[in-house]
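Participant: Residue numbers 13 to 370, in this note's numbering, belong to the letters of the sequence shown in order.
Where is the CB? At the ideal position from N, CA and C, for every residue including glycine.
Starting off with a structure, shown below.
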Amino acid sequence: MEKWVSMPKVELHAHLNGSIRDSTLLELARGLGEKGVIIFADIEHVIQKDDRSLTEVFRLFDLIHIVTTDHKIITRITKEVIEDFAAESVVYLELRTTPKKNESIGMTKHSYLEAVLEGIKAVSTVDVDFRPHDSENFPHRNDTCNGSTRKKIYVRLLLSIDRRGTTEAAMETVNLALEMRDLGVVGIDLSGNPIMGEWTTYLPALKFAREQGLYVTLHCGEVPNPKEIRSMLDFLPQRIGHACCFEEAEWEKLKSSNIPVEICLTSNIRTNTIPSIDVHHFADLYSKKHPLVLCTDDSGVFSTSLSNEYNLAASAFGLGRRDIFKLTKNAVEYIFADDGVKRELKEIFSSAEQKLDL
Ligand code: 6MZ
């Protein structure tokens, strides 16, 4: 594993609440149990279960949200998630989260995102670059501390539209993203339980996001729904996530469009969206040189890490260190940040290539 841990990596598909540490989730759930808000004994096994269907995963998310929807907790989770990714040499992280309201504790979608930003600022183990570079107001941060060069991670945010919501709620999320652009919000994601809602409900908000220059990525084909998949591909998002339940016609459309795919191996296998790793579409897309990026999806929920996903890809598809390095280096082309960040990442990868002696 060490060779994957030390390799610089790019993570483009990580849901904040799905990336919560196991230990933090258990600690928080136990705390709510002690306060009588939940019955800990009833949920402990749900948290600790390894194999979950897609439906069970969404039940777990409802539970996670009961435990985490509080400003201080969101700040803590954000800080921990960034530190965990940085600890395994992720140099660029796009973190996505669904802004939430909770009137009983005075949480608005805006204050939820402020809590996320507090978490980004609270990271202490590495320097975090989260603001756009190309504005005079936000010059490059100095990446030295006390004279010594510190590790740095770029973090950008995507706001997720939940498939359970309305057109108005989706529009509210896009407006928030626009408001918070100077604070590192670069795009919009459509996610949530794929059997819920019609994607056309969110289309006006997604079109508006694109008109305003926000990047868009869509969870696409997590369940069989050829009509929706084709319509999503026609929309030409800048990336899609998963692409599991495609038929021949959809593969052709995807390949001719060249839309990059965020691949989440462990998530797909654990939720049985793909029956086993040897029939995973990664192999075909990789051999056809389709743009791909390996991602974790929900490192906490699926007990994985980006290094683990690399390890899995290497062993399942016979890829060497050089192939994997190339895969992550190429991912720089599909990030939703400005050219200045791309340039700096390319430099990081070039110097790592020499050091790693690939
Ligand atoms: C679709 C998913 C997902 O937003 O509260 N989410 N949506 N497919 C998946 N594959 C398993 N994994 C996570 O993070 C958790 C939320 O992200 C979406 C769901 O809406 C989930 O509630 P945030 O930070």
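1. What is the DSSP secondary structure of residue 174, reduced to helix, strand or coil?
2. With DSSP run on the structure shown, which of helix, strand or coil describes residue 253?
3. Pair every Cβ in the segment 318-325 with every Cβ in the segment 16-25, then say whether three or more of these pairs are closer than 8 Å.
4. So does residue 82 have its beta carbon nearer than 7 Å to some heavy atom of the ligand 6MZ?
5. The beta strand (DSSP E) that contains residue 120, what's its start and end?
6. Give me the Cα-Cα distance between residue 257 and residue 198, rounded to the nearest whole angstrom.
7. Under the three-state reduction of DSSP, which class applies to residue 15: helix, strand or coil?
8. Going by other Cβ atoms of all chains shown within 10 Å of its Cβ, with 16 needed for buried, is residue 159 buried or exposed?
9. Measuring only from the beta carbon, is residue 258 closer than 7 Å to any heavy atom that is part of the ligand 6MZ?
10. Please confirm whether residue 211 and residue 184 have their CB atoms less than 8 Å apart.
11. Within 7 Å: the Cβ of residue 77 and any heavy atom of the ligand 6MZ?
12. Would you mind working out which of 31, 259 and 232 sits nearest residue 206, comparing C-alpha positions?
13. With distances taken between CB atoms, is the gap from residue 111 to residue 171 smaller than 8 Å?
14. I need the boundaries of the beta strand (DSSP E) containing residue 203, first residue and last residue.
15. I believe residue 102 touches residue 140 by the beta-carbon criterion, under 8 Å. Please report the beta-carbon distance rounded to the nearest angstrom.
16. Would you call the segment 284-302 and the segment 39-55 in contact, with 3 or more CB pairs under 8 Å?
17. Is it the case that the Cβ atoms of residue 248 and residue 271 are separated by a distance below 8 Å?
18. Taking one C-beta from the segment 119-136 and one from the segment 59-76 each time, how about it: are there three or more such pairs within less than 8 Å?
19. Does the beta carbon of residue 234 fall short of 7 Å from some heavy atom of the ligand 6MZ?
20. What do you get for residue 49, buried or exposed, if any count of 16 or more other CB atoms within 10 angstroms of its CB means buried?
21. For a minimum of 4 consecutive residues, which ranges assigned as the alpha helix (DSSP H) are wholly contained in the segment 94-142?
22. With residue 368 and residue 339 assumed to form a contact (beta carbons below 8 Å), what rounded beta-carbon distance in angstroms separates them?
23. Residue 309 and residue 268: beta carbons closer than 8 Å?
24. Note down, in chain order, each residue of its chain lying with its Cβ closer than 7 Å to the Cβ of residue 331, except the 5 sequence neighbours on either side.
25. Quick check on the burial criterion: 16 or more other C-beta atoms within 10 angstroms. Buried or exposed for residue 177?
26. If you check the beta carbons only, do residue 347 and residue 104 fall under 8 Å apart?
27. Near residue 316, what residues of its chain come up, given a Cβ to Cβ distance below 6 Å and the 5 sequence neighbours on each side ignored?
28. What do you get for residue 144, buried or exposed, if any count of 16 or more other CB atoms within 10 angstroms of its CB means buried?
29. Suppose you measure from the CA of residue 409 to the CA of residue 162; what does that come to, to the nearest Å?
30. CB residue 343 to CB residue 22, shorter than 8 Å?
31. Given residue 90, which residues of its chain have a CB within under 7 Å of its CB, disregarding the five upstream and five downstream residues?
32. Which residues does DSSP pair with residue 232 in a beta bridge?
33. In whole angstroms, what is the alpha-carbon distance linking residue 228 and residue 352?
Facilitator: Taking the coordinates as given:
1. Here DSSP, grouped into helix, strand and coil, assigns residue 174 to strand.
2. strand
3. Verdict: yes, contact present.
4. no
5. Neither: residue 120 is in no beta strand (DSSP E) and is coded neither H nor E.
6. 28 Å
7. helix
8. Caution applies to residue 159, whose pLDDT of 47 falls short of 50 and renders its modelled position unreliable; the model cannot decide the point.
9. no
10. no
11. yes
12. 232
13. yes
14. 197-203
15. The pair is not a contact, with the Cβ atoms about 12 Å apart (cut-off 8 Å).
16. no
17. yes
18. Not touching, per the Cβ criterion.
19. yes
20. That one is exposed.
21. 121-134
22. With 8 Å as the limit, residue 368 and residue 339 do not qualify as a contact, their Cβ atoms being about 14 Å apart.
23. no
24. Around residue 331: 325.
25. buried
26. yes
27. 278 and 308
28. Here residue 144 is buried, its C-beta having at least 16 other C-beta atoms within 10 Å.
29. Nothing about residue 409 can be read from this structure; the chain reaches only from 13 to 370.
30. yes
31. 28, 128, 131 and 132
32. 254
33. 20 Å
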